[in-house]
Each structure stands twice: as C-alpha cells, then as structure tokens.
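Asker: I'd like to ask some things about the structure below.
There are 2 protein chains.
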Amino acid sequence: MTSQQVEIALARAQRVCTLRGARLTPVRRRVLELILRADQPTKAYVLLAKLEQERGKLGPPTIYRALDFLLAHQLIHKVETSNAFVACDDAERAHQSQFVICEDCGATEEIQDDDIVASLRRLGEMRGFAVERQVIEARGLCPACRVGQRQA
Amino acid sequence: MTSQQVEIALARAQRVCTLRGARLTPVRRRVLELILRADQPTKAYVLLAKLEQERGKLGPPTIYRALDFLLAHQLIHKVETSNAFVACDDAERAHQSQFVICEDCGATEEIQDDDIVASLRRLGEMRGFAVERQVIEARGLCPACRVGQRQA
DNA sequence: GCAAATTCGTTACGCTATAACGTCTCTTAG
DNA sequence: CTAAGAGACGTTATAGCGTAACGAATTTGC
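Those sequence lines, one after another, are chains A and B. Taking our numbering, the leading residue of the first sequence gets 7, the next gets one more, and so forth. Taking our numbering, the leading residue of the second sequence gets 7, the next gets one more, and so forth.
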C-alpha cells in the first residue's frame with residue numbers, strides 16, 4: 007500500500023469515526039496506520055514495540071485498547087489463527103471476513119463471500135443459536151510456496 | 007457422556023491407534039478420557055491441573071504433547087476461538103469439524119457440514135492456495151441463553 | 001542385546017491478553 | 001464558569017497459552 011493510499015484510508019477511517027461519534031485518537035490512528043503500512047498481518051506485540059520506539063515505554067493494554075476500538079468499528083480484522091491484525095477495506099459496510107493463510111510464509115488474503123457466511127449462519131440457527139460472529143479461515147500453502155514445496 | 011460410553015470411546019480410540027501403529031500411552035489415554043468426561047470443551051491448563059493432581063508436578067509440555075498426538079489422530083478437535091479441546095465422534099473418518107459456541111455459557115456443538123468445507127476449499131483454491139486445514143466457528147447465543155438474555 | 005527412535009519429565013522462557021487503579025482530558029449540564 | 005461524569009490512556013501486575021531445549025527412560029527393530 008502506497009503512502010498516498012494509506013492517507014486516503016486514514017481519512018476514510020476518520021470520516022467513519024466522526025459519523026459514528028467515535029474518536030480516532032492519535033494512538034488509535036497511529037496503530038491503524040502501522041497496520042495499514044504492513045504488507046502482512048501484524049501482531050499486537052510488534053505494534054507495541056513500534057509504538058514504544060516512538061513514545062517510550064507503554065504497555066500491552068495501550069495496544070489492546072486501540073485494537074479493540076479498531077475492531078469494534080470494523081477498521082481492522084483479527085486473523086484468529088495467526089493472532090494478528092489486518093486493515094479492513096470497507097469499514098462502512100458491516101460484514102464478516104474470511105481469510106486464507108499460507109502456513110509457510112504467512113501471506114494472508116481476505117475473502118468476502120456472503121454465501122459461506124449465510125451458510126454458517128443457517129447451520130447455527132438450525133441448532134437454535136443466534137450467531138453473532140463468525141471465524142472462517144483456511145490455512146495451507148500459497149501459490150508461491152506450493153512451488154517451493156515441490157522442489158524441496 | 008456415561009462412563010460406559012467413555013469406555014467404548016476409549017476402546018475405539020485404542021483400536022484406531024493400533025491400526026495406525028500409534029501408541030495410546032497412559033498419559034494420552036488419560037488426557038483423552040478427561041476430555042471425554044467433560045461436558046464442555048476443556049482447556050489445556052485445566053487438563054494439566056487434573057493430571058498433576060494424580061501424578062504430581064508435570065509441566066505444560068506433557069499436556070501439549072498429548073494433545074498434539076490426539077489432534078494428529080483426530081481423536082480430539084481444538085476449538086480455536088475458545089482455546090479448548092473436545093472429543094471427536096469418529097476418528098476413523100478423516101474430516102473437518104465446525105463449531106457453534108455460546109458466548110454466554112460456553113456450550114459448544116460440533117457441526118459436520120461437508121458443503122461448507124467444500125465451499126471454503128474452493129474459495130482458497132480460486133486464489134491458488136492448497137488448503138490443508140480449516141477453522142470454521144460461529145459464536146453467539148445458545149437457545150437457553152437467548153431466553154435469559156431477553157428477560158435480563 | 002544394541003542402536004535408533006519415541007516418549008516423557010523438567011526447566012525455562014516467550015507470546016497473548018486482561019485486571020485493576022490512577023490520572024488526565026474533554027464534554028456538557030447547570 | 002465550573003463541577004460532574006465519561007472516555008482515553010499510562011502503569012503495574014498477573015493470568016493464560018504455548019514452545020524450546022535437554023536429558024532420562026522406555027520401546028522398537030534389527
């Protein structure tokens with residue numbers, strides 16, 4: 007993601023927050039920026055280390071609070087099987103995300119498939135559950151690592 | 007699960023292991039039994055505490071090694087969003103599991119839906135991924151807790 | 001029986017996440 | 001204007017999850 011794209015995403019995030027009466031504080035904004043600039047899912051303690059480089063010693067709660075805020079507003083998603091965080095393309099629209107993750111290199115792609123979400127919701131409802139959140143992740147080998155695997 | 011059902015499950019597990027040339031050692035067997043007897047998903051450190059009551063101080067690796075073995079042979083599944091383990095109904099057949107989990111009481115039901123597994127596999131393959139493992143979990147409120155929620 | 005492999009105990013450590021409390025700031029109603 | 005309340009953040013401590021590394025003991029295959 008180019009710096010310009012990051013700026014655009016940050017501006018959009020600011021807009022979303024303002025609309026919702028939420029505050030995109032400096033910490034939250036900076037954490038979102040770090041996630042946006044990363045080309046792979048980012049771990050909480052990596053974010054913490056970067057933030058501490060800039061601001062001196064903080065602590066895990068500072069990061070986790072920012073992450074909780076960004077998650078609540080759908081500005082980021084959590085990849086559960088990696089314990090890592092990625093930026094979300096469109097926070098405006100409420101939606102669920104799915105991911106495919108490479109076991110080898112960690113490459114992660116977001117999927118947006120309404121059908122699979124509906125299917126899982128239906129399976130839950132058939133059992134009387136009111137489904138609120140879905141975690142749908144596929145792990146395996148990305149195209150690049152499949153090639154490497156064959157040659158190894 | 008009744009004690010008799012537990013015994014049957016353990017015998018079946020023993021059979022599966024023998025067939026595969028794997029050893030269901032006392033530790034592994036006991037861990038499986040503890041998971042079978044629990045009516046909810048069980049956490050690693052809970053298992054560790056119970057095992058240490060019986061055998062004196064051990065350590066996390068003892069439990070995690072047993073869990074890894076049981077997972078590898080599909081005798082148990084891991085509920086990723088709960089960091090907990092449940093017994094598997096049929097280890098003979100290779101399969102993926104899905105779960106619905108109650109946010110309120112932790113009640114967890116296993117789903118076996120081949121269609122959703124195939125869907126996610128296809129979504130991964132469309133992106134060039136060789137999908138090896140799937141995590142599909144729905145979190146929400148179980149029937150009992152839905153009622154409580156309305157009254158509260 | 002002996003070498004190799006598997007299993008397990010043990011110690012230590014790293015990563016993930018939250019509880020609890022105090023301070024500061026910002027809003028806002030009076 | 002100001003006091004009260006809410007929200008955000010810093011800080012310390014701790015709980016929970018998981019693995020690395022090493023050595024002893026046991027099992028297995030030859």
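Every residue gets a Cβ at the ideal spot worked out from N, C-alpha and C, and that includes glycine. As the structure is a computational prediction, the values presented were derived from the model and not from experiment.
Do the region 111 to 122 of chain A and the region 83 to 94 of chain A make contact, defined as three or more Cβ pairs closer than 8 Å?
Answerer: Yes, they touch.
Asker: Within 10 Å of its beta-carbon, does Ser103 of chain B have 16 or more other beta-carbons around it, so buried, or fewer, so exposed?
Answerer: buried
Asker: Against chain B, does Glu116 of chain A count as a neighbour if the rule is that its beta carbon must be under 8 Å from one of theirs?
Answerer: no
Asker: Given that Cys148 of chain A touches chain B, what residues does it touch there, using C-beta distances under 9 Å?
Answerer: Neighbours of Cys148 of chain A on chain B, chain order: Arg133, Gly134, Phe135, Ala136.
Asker: Let's test the definition: count the other Cβ atoms within 10 Å of the Cβ of Gly62 of chain A and tell me whether it reaches 16, buried, or not, exposed.
Answerer: exposed
Asker: Please list the segments of the alpha helix (DSSP H) lying wholly inside the region 29 to 59 of chain A, counting only runs of 4 or more residues, in order along the chain.
Answerer: 32 to 43
Asker: Measuring straight from C-alpha to C-alpha, what distance separates Pro149 of chain A and Gly134 of chain B?
Answerer: 5 Å
Asker: Does Asp121 of chain A get closer than 8 Å to chain B when you measure Cβ to Cβ?
Answerer: yes
Asker: Which residues mark the beginning and the end of the beta strand (DSSP E) in which Arg128 of chain A is found?
Answerer: Element bounds for Arg128 of chain A: not the beta strand (DSSP E) but the alpha helix (DSSP H), 120 to 132.
Asker: Could you check the C-alpha separation between Asp121 of chain B and Glu98 of chain B for me, to the nearest Å?
Answerer: 20 Å
Asker: With DSSP run on the structure shown, which of helix, strand or coil describes Glu109 of chain B?
Answerer: In the structure shown, Glu109 of chain B falls within a coil segment according to DSSP collapsed to helix, strand and coil.
Asker: Which two residues bound the contiguous alpha helix (DSSP H) that contains Thr68 of chain B?
Answerer: 66 to 78
Asker: Check the Cβ of Ile41 of chain A against every Cβ in chain B and list those closer than 7 Å, keeping chain order.
Answerer: Correct list: empty, because the minimum Cβ distance to chain B is about 21 Å.
Asker: Would a C-beta distance cut-off of 8 Å place Val37 of chain A and Leu73 of chain A closer than the cut-off?
Answerer: yes
Asker: Are the CB atoms of Ile82 of chain A and Ile41 of chain A within a distance shorter than 8 Å?
Answerer: yes
Asker: Relative to the C-alpha of Asp45 of chain A, which candidate in A:Leu77, A:Cys94, A:Ala19 has its C-alpha closest?
Answerer: Residue A:Cys94 is the option with its Cα nearest to Asp45 of chain A.
Asker: Let's see if you can read the secondary structure: which residues bound the alpha helix (DSSP H) around Gln102 of chain A?
Answerer: From DSSP, Gln102 of chain A is part of no alpha helix (DSSP H); its letter is neither H nor E.
Asker: Apply the 10 Å Cβ neighbour rule to Pro66 of chain B and answer buried if 16 or more other Cβ atoms are within range, or exposed otherwise.
Answerer: exposed
Asker: Helix, strand or coil for Arg145 of chain A per DSSP?
Answerer: strand
Asker: Going by alpha carbons, who is nearest to Cys23 of chain A out of A:Tyr70, A:Asp96, A:Thr68, A:Gln11?
Answerer: A:Asp96
Asker: Roughly how many angstroms lie between the CA atoms of Tyr51 of chain A and Gln10 of chain B, to the nearest whole one?
Answerer: 47 Å
Asker: Evaluate Arg145 of chain A with the Cβ neighbour count: other Cβ atoms within 10 Å of its Cβ, from every protein chain shown; 16 or more gives buried, anything less gives exposed.
Answerer: Around the beta-carbon of Arg145 of chain A, 16 or more other beta-carbon atoms lie within 10 Å, marking it buried.
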